[in-house]
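In the numbering used here, the protein residues as written are -18 to 83.
Here a beta-carbon is modelled for each residue, glycine too, at the ideal position from N, C-alpha and C.
Just so it is clear, the structure is predicted and the values come from calculations on it, not from any experiment.
Laid out in structure tokens, this is it:
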């Protein structure tokens, strides 16, 4: 993993002004393509929506010690340990869309 003090994503995020977030509500951070291209692909989750009307979305786990997994069907995110616990009781299915997970 890249040094959080020098990787392009962290540098970009630290340069953003989040002071209006509280008064204007949540706005996703829009990261330039050039920053995404410099980010380790293993650190990025990509939501490829089937409809061309909806743009692809990219997510980065900024707390690498917390493992995140994504359901390939409904694109829900889970803490890996929480999903493992749920899968033990429901036959390894996504708790939301019920697709069988590996």
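Residue closest to residue i, alpha-carbon to alpha-carbon, out of the options
i           : options          : result
residue 91  : -13, 4 and 3     : There is no way to answer for residue 91, as the model of the chain reaches only from -18 to 83.
residue 57  : 30, 10 and -2    : 30
residue 11  : 26, 0, -6 and 51 : -6
residue -11 : 3, 15, 5 and 1   : 15
N-terminal and C-terminal residue of the beta strand (DSSP E) that residue i is part of
i          : result
residue 51 : 49 to 51
Residue range of the alpha helix (DSSP H) that includes residue i
i           : result
residue 18  : 14 to 18
residue -13 : Unbroken run through residue -13: none, as it is neither H nor E.
residue 4   : 2 to 5
For residue i: DSSP bridge partner residues
i          : result
residue 26 : 40
Practice problem: Answer yes if the region 68 to 75 comes into contact with the region 25 to 45, meaning at least three C-beta pairs across the two stretches below 8 Å, and no otherwise. | Solution: Segment contact: the region 25 to 45 against the region 68 to 75, fewer than three CB-CB distances shorter than 8 Å; contact not assigned.
Practice problem: Within the region 28 to 79, note down every full alpha helix (DSSP H) run reaching 4 residues or more, in order along the chain. | Solution: Fully enclosed alpha helix (DSSP H) runs of 4 or longer: 61 to 71.
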